[in-house]
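A.B. asks: Sharing a structure here in structure tokens format.
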Amino acid sequence: STITTNSDSHSIFINGQEVGQGSVSGIKIPKNECITVQVQGSGYILEVKKFCRKKGMPKMQKTEFIALARDESFDATFSTDLANNDIIVNPRGSNLDEVWVNAVRLVVENFDALEVNDNDVNYLRTSWVVDTFDEFTIRTRLIARVSNENPLEIRFKIVSERARGQVSPRDDEQYRSWQRIMRKYQGLIDEIQSRL
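In the numbering used here, the protein residues as written are 24 to 219.
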């Protein structure tokens, strides 16, 4: 039997072992046994299928076509090493209060709600912003803090996390750190660096 997919770059695994990309032929299932086929590709939703040579179990056709659907959460984001890492800014002004007010203003323009805004220690954290897709939920927040007063230094961090399925932003254990950020925040990083 042969397995083909809808892209030459999709990886095909049988029982956890990678056997090829795009298309694999000559697959034989021993009598009374089953195989687990997994097809995955960057930016696509993973597919797992089970085929057997047993009575009453799903049989494998001569050619099995496994088409992966696009992962919408992948298309709505961009890859960046600034995700979940500090962006260090050395503001042009030296007046801490003034610079901090500008930083807060910049954050509020992009995030509706602040969860913590402590002007005494110059620390703020936004509430989670949730974007839901068919297969995944992405939550994003921004943290800003003054890390040095002389010379003045502010650290911003865009926290981006993804969970499988439709998940509440409060279900922390479901989320995993993700090296991609929602496209709507693409300009924010440049703004942080240019406006302060």
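Every residue gets a Cβ at the ideal spot worked out from N, C-alpha and C, and that includes glycine.
No experiment lies behind these values; they were computed from the predicted model shown.
Which ranges would you report for the beta strand (DSSP E) in the segment 136 to 211 if only whole runs of at least 3 residues count?
C.D. replies: Here the runs fully enclosed are 137 to 141, 146 to 149, 152 to 155, 159 to 172, 175 to 187 and 203 to 205.
A.B. asks: Measuring alpha carbon to alpha carbon, tell me which of GLU56, SER200 and THR28 ends up nearest LEU91.
C.D. replies: LEU91 has its Cα closest to that of THR28, out of GLU56, SER200 and THR28.
A.B. asks: So within the segment 41 to 127, which uninterrupted alpha helix (DSSP H) runs reach at least 4 residues, ignoring any that extend past its ends?
C.D. replies: Here the runs fully enclosed are 95 to 98.
A.B. asks: Spatial neighbours of THR103 within its chain, please: C-beta separation below 6 Å, excluding the five flanking residues on both sides.
C.D. replies: Here the set comprises ILE204.
A.B. asks: Among VAL42, ASN108 and GLY210, which residue has its Cα nearest to the Cα of ALA167?
C.D. replies: If we check each option's Cα against that of ALA167, ASN108 comes out closest.
A.B. asks: Grouping DSSP H, G and I as helix and E and B as strand, with all else coil, what is SER34?
C.D. replies: Three-state result, SER34: strand.
A.B. asks: Look at LEU165 and PHE134 and say whether their C-beta atoms are less than 9 Å apart.
C.D. replies: Yes, the Cβ-Cβ distance between LEU165 and PHE134 is below 9 Å.
A.B. asks: What's the gap between the Cα of PHE156 and the Cα of GLN84?
C.D. replies: Cα-Cα distance, rounded: 32 Å.
A.B. asks: Give me the DSSP bridge partner(s) of ILE26.
C.D. replies: In the DSSP output, where bridge partners are listed per residue, ILE26 has VAL47 and GLU87.
A.B. asks: Identify whether LEU219 lies in helix, strand or coil by the three-state DSSP scheme.
C.D. replies: Correct three-state label for LEU219: coil.
A.B. asks: Cutting at 8 Å between CB atoms, please list the residues of its own chain near GLY64, excluding the five before and the five after it.
C.D. replies: So the qualifying residues of the chain are THR28, SER30, SER32, HIS33, SER34 and LEU91.
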